[in-house]
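**Student:**
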Amino acid sequence: MEERRKSPRRAVHDEFAIIPTTINVQVLDVSVAGVLLRSDELVEVGTRGSFGLNLDGSRFTTDVQLQRVVAAGAEGGYRLGARFLNLGPEGRQLIAQFMAQ
Numbered sequence: 465m466e467e468r469r470k471s472p473r474r475a476v477h478d479e480f481a482i483i484p485t486t487i488n489v490q491v492l493d494v495s496v497a498g499v500l501l502r503s504d505e506l507v508e509v510g511t512r513g514s515f516g517l518n519l520d521g522s523r524f525t526t527d528v529q530l531q532r533v534v535a536a537g538a539e540g541g542y543r544l545g546a547r548f549l550n551l552g553p554e555g556r557q558l559i560a561q562f563m564a565q
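Residue 465 is where the sequence shown starts when you use the working numbering, and the numbers rise one by one after that.
Set out below in structure tokens:
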């Protein structure tokens, strides 16, 4: 078999890499503690990710960690309960203003 690679390679042992993926979710509700999502894909409890949402025209982003994953029942898919990991004062204020409406 002819080698087709154009660059030399070297084996790597006992190292891991993270390949981030995007999962489309529907936001069901939000609080200053976390968010409830619906997804067609099963995701493991403990999974961490970046979460972004527009609340009344303001962009809100933070890291989340899934705390609970359950089958969504008749609607299909899964309900994902995630907690905010690094929600700063601006994010808390934005959510509080959104909830006060």
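Heads up, the beta-carbon is just placed ideally off N, CA and C, and yes, glycines get one too. All figures in this text were calculated on a predicted structure; none of them were measured in a lab.
For Asp527, which of Gly555, Glu505, Asp478 has the nearest alpha-carbon?
**Tutor:** Gly555
**Student:** Do Gln529 and Arg512 have their C-beta atoms within less than 8 angstroms of each other?
**Tutor:** At a Cβ-Cβ threshold of 8 angstroms, Gln529 and Arg512 count as neighbours.
**Student:** Taking 8 angstroms as the cut-off, decide whether the C-beta atoms of Gly498 and Phe562 are in contact.
**Tutor:** no
**Student:** Starting from the C-beta of Ala560, find all residues in its chain whose C-beta is less than 7 angstroms away, skip the five residues before and the five after it, and write them out in chain order.
**Tutor:** Val496
**Student:** What's the C-alpha gap between Gly545 and Gly516?
**Tutor:** 15 angstroms
**Student:** Could you pull the start and end residues of the alpha helix (DSSP H) that Leu558 belongs to?
**Tutor:** 553-564
**Student:** With a cut-off of 8 angstroms on the beta carbons, I'd call Val494 and Val533 a contact; round off their distance for me.
**Tutor:** Going by Cβ atoms, the distance from Val494 to Val533 rounds to 18 angstroms, so no, they are not a contact pair.
**Student:** Please classify Gly537: does DSSP put it in a helix, a strand, or coil?
**Tutor:** helix
**Student:** How long is the line joining the alpha carbons of Lys470 and Val476, rounded to whole angstroms?
**Tutor:** 19 angstroms
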